[in-house]
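*Asks:*
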Amino acid sequence: MANIILTSFVQLAIILPILFFFIREKNKSAYFRLFLFVVIFIVYSIVLHFPRYYDQADFIGGTWNWSGKILATLFGIVCYILFKRYFTQHNYFTLRQNKSTIKSTVLASLALVVIAIISGYTLKQKELNFETLAFQLTMPGLDEEILFRGVLLGLLLTILSDKSAIGKFNFGNPSLLIISILFGLVHGLGFEHDQQIYFHFFNIFSTGLTGYGLGWIAINSRSILLPAVTHNLFNFLLNFISMI
């Protein structure tokens, strides 16, 4: 479990300098939301991986971390209920879609689905595995969208500037950028059980880019519904295409 905590600290250490740079107003309210951001992410990481270390918590079993994902989803829902008042202007926990951007968000969603299909053909051939397909079609879009594009993104949008620009270069929404970097790091940077570090640049880049697209959809649709559906479809198709 120590390697999970160490991993989350390293991942946060990478994004925190960027985050501090774009804080809109450095006051108690902003720092408290930042504190919530850090604590929620660390606890989420522990909850997600808890069943891998304690068999008693693995109430479903299977090859994939079903129990961890369900616990992480419940944790995300609890965080939303407890802390939603701290990001009321960016509360995306709704089925209602922003009608003015519905065309662009649906197109962005379809674009990600197409990318998943194309990418699936480039992957090494896998054996058909129904557990993998069932897991990818249901789990990732629940816990990760609730936490990353729901709670954590909502907190950052409340305290950070709307645009990130250095000189003449505009990098877009800093909250979206930071969440996407963190999302990529979660999928490609960490420590093994023997404390050996692993770093997979392609995983960080590809999942970070996908996360950016999902975050853009969440912000513009003002809902995590479409990102959650798109996320699960993306993962499912990516795996399914490589199995047929």
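Residue numbers for the sequence shown follow UniProt numbering, so the first one is 1 and each next one is one higher.
Glycine included, every Cβ here is placed at the ideal spot set by N, Cα and C.
Under a three-way DSSP split, which group does F199 fall into?
*Replies:* Three-state DSSP puts F199 in a strand.
*Asks:* DSSP beta-bridge partners for F191?
*Replies:* Per DSSP, I197.
*Asks:* Could you give the DSSP three-state label for L147: helix, strand or coil?
*Replies:* In the structure shown, L147 sits in a helix (DSSP, three-state: H, G or I).
*Asks:* Would S242 and K163 be called neighbours here (beta carbons separated by less than 8 Å)?
*Replies:* Not a contact, by the Cβ cut-off of 8 Å.
*Asks:* Any idea if R33 is buried or exposed, counting beta-carbon neighbours within 10 angstroms, 16 or more meaning buried?
*Replies:* Answer is buried; the Cβ neighbour count reaches 16.
*Asks:* Could you tell me if S100 is buried or exposed, where buried requires 16 or more neighbouring beta carbons within 10 angstroms of its beta carbon?
*Replies:* Label assigned to S100: exposed.
*Asks:* For the alpha helix (DSSP H) that N235 lies in, which residues bound it at each end?
*Replies:* Its alpha helix (DSSP H) spans residues L225 to M243.
*Asks:* Measure how close the beta-carbons of G154 and Y92 come, nearest whole angstrom, since I'm counting them as under 8 Å.
*Replies:* Sure, about 7 Å apart at Cβ, within 8 Å.
*Asks:* Given 8 Å as the limit, is there contact between the segment 43-53 and the segment 74-87, that is, 3 or more CB pairs closer than that?
*Replies:* Yes, they touch.
*Asks:* Tell me, which residues are paired with L160 by DSSP?
*Replies:* Beta-bridge pairing links L160 to I23.
*Asks:* With distances taken Cα to Cα, identify the nearest neighbour of W64 among S29, L133, H90 and V39.
*Replies:* Per the Cα distances, L133.
*Asks:* Taking 8 Å as the CB-CB cut-off, is L137 touching chain B?
*Replies:* In the structure shown, chain B does not exist; there is a single protein chain.
*Asks:* Below 8 Å CB to CB, which residues in the same chain sit around Y80 once its five sequence neighbours on both sides are set aside?
*Replies:* For Y80, where only same-chain residues beyond five positions count, the Cβ hits under 8 Å are F93, I146, G150 and V151.
*Asks:* Alpha helix (DSSP H) containing T73: first to last residue?
*Replies:* Here the alpha helix (DSSP H) through T73 covers W66 to F83.
*Asks:* Under three-state DSSP, which class holds N173?
*Replies:* Reduced to three states, the DSSP call for N173 is coil.
*Asks:* Count the other CB atoms, across all protein chains shown, that sit within 10 Å of the CB of D143; report buried if there are 16 or more and exposed otherwise.
*Replies:* Buried, because 16 or more other Cβ atoms sit within 10 Å of the Cβ of D143.
*Asks:* Assuming contact is defined by CB atoms lying nearer than 8 Å, are L226 and T105 in contact in what I supplied?
*Replies:* Yes, Cβ-Cβ distance for L226 and T105 is below 8 Å.
*Asks:* According to DSSP, simplified to helix, strand and coil, what is K28?
*Replies:* Helix.
*Asks:* Looking at I159: is its Cβ nearer than 8 Å to the Cβ of A30?
*Replies:* In contact: I159 and A30 (Cβ atoms closer than 8 Å).
*Asks:* Output the distance between the C-alpha atoms of L189 and N3, rounded to the nearest integer angstrom.
*Replies:* Taking the straight line joining both Cα atoms gives about 12 Å.
*Asks:* As a quick exercise: from E192, H187 and G213, pick the residue whose alpha carbon is nearest that of F202.
*Replies:* With distances taken between Cα atoms, F202 lies closest to H187.
*Asks:* Using three-state DSSP, classify L110 as helix, strand or coil.
*Replies:* Helix, per DSSP.
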